[in-house]
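> Shown below is the structure under consideration.
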Amino acid sequence: MVKSRFTPDERGYYGEFGGAFIPEMLMGNIQELQERYLEIVESEMFKSEFHSLLRDYSGRPTPLYPAMRLSEKYKTHVFLKREDLNHTGAHKINNCVGQVLLAEKLGKKRIIAETGAGQHGVATATVCALKGLECVVYMGALDVERQAPNVTKMKMLGATVVPVHSGNKTLKDATNEAMRDWISHPSDTHYIIGSVVGPHPYPDLVARLQSVISYEVAFQLDEKTGKPDPDVVIACVGGGSNAAGGFYAFLDNPDVKLIGAEAAGLGNETGESAATLALGRTGILHGSKSYLIQDIYGQVTEPYSISAGLDYPGIGPLHSHLYTTGRCRYLSITDQEALEAAMELTRMEGIIPALESAHAMAVLRKESFRPDENVVIILSGRGDKDMSTYSNYFKNEPDR
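Written as C-alpha cells, this is what we have:
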C-alpha cells in the first residue's frame with residue numbers, strides 16, 4: 000500500500016483524527032496489533048489465504064452491474080458494485096475473513112464482535128464456524144427485535160448472541176459491551192470491530208481489508224469502459240467501512256468525486272438523526288478521536304435511523320479527515336428518501352437493497368450528473384434482513 004495523506008501516521012492519526020484512547024487493561028492487545036498487523040496482512044502467505052477464501056468461499060469478485068434503467072432515468076452511467084451478492088449478503092465478510100485469519104496468526108481462540116444491522120455479526124459467526132472458533136456477538140436489544148432473521152442465523156452458526164439493554168439499545172451500546180468483554184478477556188480474545196472505528200490500528204486495518212471493493216471496481220470498470228477510474232463513487236456511511244473500501248483505491252485521485260450518504264432519520268432538524276458530520280463535533284468515542292453527535296456538555300447523544308447499520312453517533316477518523324479536507328462530500332438522507340430509493344431500485348432493476356444501501360441509492364435523486372460520467376454506487380448489502388421494516392412501510396403505501 001502506497002503511503003498517502005489519507006493513510007494514518009505511525010500513531011494512527013488521519014490529520015487530527017484517530018489515535019488509540021484505551022484502558023490500561025487493553026494496552027497489551029492494542030500494542031500487539033499495532034506492532035504486527037502490517038507485517039501479517041502484507042505477507043504473501045496472508046494475502047494468498049485471504050484472497051483464496053474471498054474467491055472460493057465468499058464469491059468474489061462481486062459483479063459491477065450496469066444499471067441500464069436507472070442510467071436512462073438519471074441520464075448518466077450508473078454502475079452498482081454488488082456487495083449484496085457476497086456470502087452472508089454484505090461487504091462485512093471481507094473484513095471478517097481477514098480479521099479471523101489475523102486472530103489465528105496472533106494465537107487467539109475466542110472472537111467477539113458488535114453488530115447493528117446484524118450483517119457483521121452474521122459474517123463473524125460464519126467465519127468462526129468455518130474455523131472452529133468460539134464466537135460471542137453483542138447486539139442492542141432494539142436491533143435484536145428489528146433484525147430477527149440475522150439473530151437466528153448467528154445462533155444457527157453457533158454464536159452466542161448477547162442482547163444489550165443499556166442506553167438506546169443499539170449499535171453504540173453493543174460496542175460498549177464488546178469493549179467491556181475484551182477488557183475482561185484480554186489474553187485469549189480478539190475483538191473484530193466491524194467498521195473503520197475504534198483505536199488504532201482498527202480503522203486502517205478494516206479499510207485495508209475492505210479496499211478489495213475499490214480495487215475490483217477499477218479493474219471491472221476498465222474492462223467495461225476502458226477507464227479504470229470512475230467519475231463518482233457513492234456509498235452509505237455509518238461508521239464507514241463499505242465507503243472506506245469503496246473509496247480506497249481512488250483517494251489520491253482528485254478527479255474521482257467521492258460522496259458519502261449519512262442517515263438523517265426523521266430530519267436533521269428534528270433531533271432524530273444519525274448524520275454525524277452534519278450535526279457533530281470533535282470528540283472521543285470507542286478509542287479514537289473523530290466527529291460525534293453530542294450535547295452542549297460533550298455527552299454523546301442517542302442517534303436515530305430506520306437503518307440499524309447506520310444508527311451510530313460517530314464516524315470513523317478517516318471519514319472525519321476526508322470531510323475536513325474536503326476530499327469527500329457527505330449528504331444527509333432521511334428515512335423517507337431511503338425508503339423511496341429502495342422502492343425505485345427494486346421496481347426498476349429487480350434488486351432489493353439493504354436499508355443502509357438505500358441511503359446511497361437516494362443520492363441519485365439529490366445530485367445531478369453529466370451524461371458522460373461513470374457513477375459507481377456501492378450496494379453494500381441485500382434487503383432480506385429489512386423485510387419487516389419494508390413490510391410495515393409499504394402496507395401504508397398505495398399500490399403502485
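Numbering (numbering that gives the first Met the number 0), first residue to last: 0 to 399. The beta-carbon is built from N, C-alpha and C at its ideal position, and this holds for glycine as well. Just so it is clear, the structure is predicted and the values come from calculations on it, not from any experiment.
#1: So which of Ser331, Arg179 and Leu25 has the shortest CA-CA distance to Gly266?
#2: Using C-beta distances below 8 Å, list every residue in its chain close to Ala361, excluding the 5 sequence neighbours before and after it, in chain order.
#3: Just mark Ser213 as buried or exposed, buried being the case when its beta carbon has 16 or more other beta carbons within 10 Å.
#4: If you count every other CB in all the chains shown that lies within 10 Å of the CB of Gln30, and 16 or more means buried, which is it?
#5: Go to Arg280, then tell me how far its beta strand (DSSP E) extends in each direction, as first and last residue.
#6: Assuming Gly117 contacts Asp142 under a Cβ cut-off of 8 Å, what Cβ separation, rounded to an integer in Å, is found between them?
#7: What residue from Asp180, His164, Gly115 and Thr169 has the CA that sits closest to Pro22's CA?
#8: Within its chain, find whatever has a CB closer than 7 Å to the CB of Val96; leave out the 5 residues flanking it on each side and keep chain order.
#9: Please work out which residues of its chain come closer than 6 Å, Cβ to Cβ, to Asn93, disregarding the five sequence neighbours upstream and downstream, and give them in chain order.
#10: Do Ala273 and Pro302 have their CB atoms nearer than 8 Å?
#11: Given a cut-off of 8 Å, decide if Val136 and Thr114 are closer than it, judged by their beta-carbon atoms.
#12: For Pro227, collect the residues of the same chain with a Cβ closer than 8 Å to its Cβ; drop the 5 residues on either side in sequence, then sort them by chain order.
#13: Just how far apart, CA to CA, sit Arg399 and Tyr329?
#14: Output the distance between the C-alpha atoms of Glu103 and Arg10, rounded to the nearest integer angstrom.
#15: Can you confirm whether the stretch 38 to 49 touches the stretch 309 to 316 when touching is taken to mean that 3 or more C-beta pairs between the two stretches lie within less than 8 Å?
#16: Specify the secondary structure class of Ile377 as computed by DSSP and reduced to three states.
#17: Mind checking who Ile233 pairs with in its DSSP beta bridge?
#18: Measuring straight from C-alpha to C-alpha, what distance separates Ala412 and Asp371?
#19: Do Gly193 and Ala403 have their beta-carbon atoms positioned less than 8 Å apart in this structure?
#20: Quick check on the DSSP output: the alpha helix (DSSP H) that includes Met208 runs from which residue to which?
#21: Check Pro185 in the structure and name its three-state DSSP category.
#22: Taking Cβ positions, are Leu105 and His184 nearer each other than 8 Å?
#23: Could you give the distance in angstroms between the alpha-carbon of Lys256 and the alpha-carbon of Glu348?
#24: I'd like the list of long-range same chain contacts for Ser304, defined as Cβ closer than 6 Å, with 5 residues on each side in sequence excluded.
#25: Could you tell me the alpha carbon to alpha carbon distance between Lys107 and Gly225, rounded to whole angstroms?
#26: What residues in its chain sit with their C-beta under 6 Å from that of Ala66, if we drop five residues either side in the sequence?
#27: Any idea which residues DSSP pairs Pro65 with across the strands?
#28: Would you please verify whether the beta carbon of Leu338 is less than 8 Å from any beta carbon of chain B?
#29: What is the DSSP secondary structure of Gln400, counted as helix, strand or coil?
Judging by the given coordinates:
#1: Ser331
#2: Ala260, Ile332, Glu336, Ala337, Glu339 and Ala340
#3: buried
#4: exposed
#5: Arg280 to Leu284
#6: 7 Å
#7: Asp180
#8: Phe49, Leu52, Leu53, Ser57 and Val126
#9: Leu208, Gln209 and Val211
#10: yes
#11: yes
#12: Ala217, Phe218, Leu220 and Asp221
#13: No answer about Arg399 holds up, because its pLDDT of 49 lies below 50 and its placement is not dependable.
#14: 25 Å
#15: no
#16: strand
#17: Ile258 and Ile376
#18: Lying before the first or after the last residue shown, residue 412 is absent from the chain, which here runs from 0 to 399.
#19: Nothing in the structure corresponds to residue 403, since the chain is present only between 0 and 399.
#20: Note that residue 208 corresponds to Leu in the displayed sequence, not to Met. First-last of the alpha helix (DSSP H) with Leu208: Tyr201 to Gln209.
#21: coil
#22: no
#23: 24 Å
#24: Ala262, Gly264, Ala273 and Asp310
#25: 45 Å
#26: Val77, Leu79 and Glu348
#27: Phe78
#28: As a matter of chain content, chain B is missing from the structure shown, which is built from one protein chain.
#29: For residue 400 there is no data in the structure shown, the boundaries of the chain being 0 and 399.
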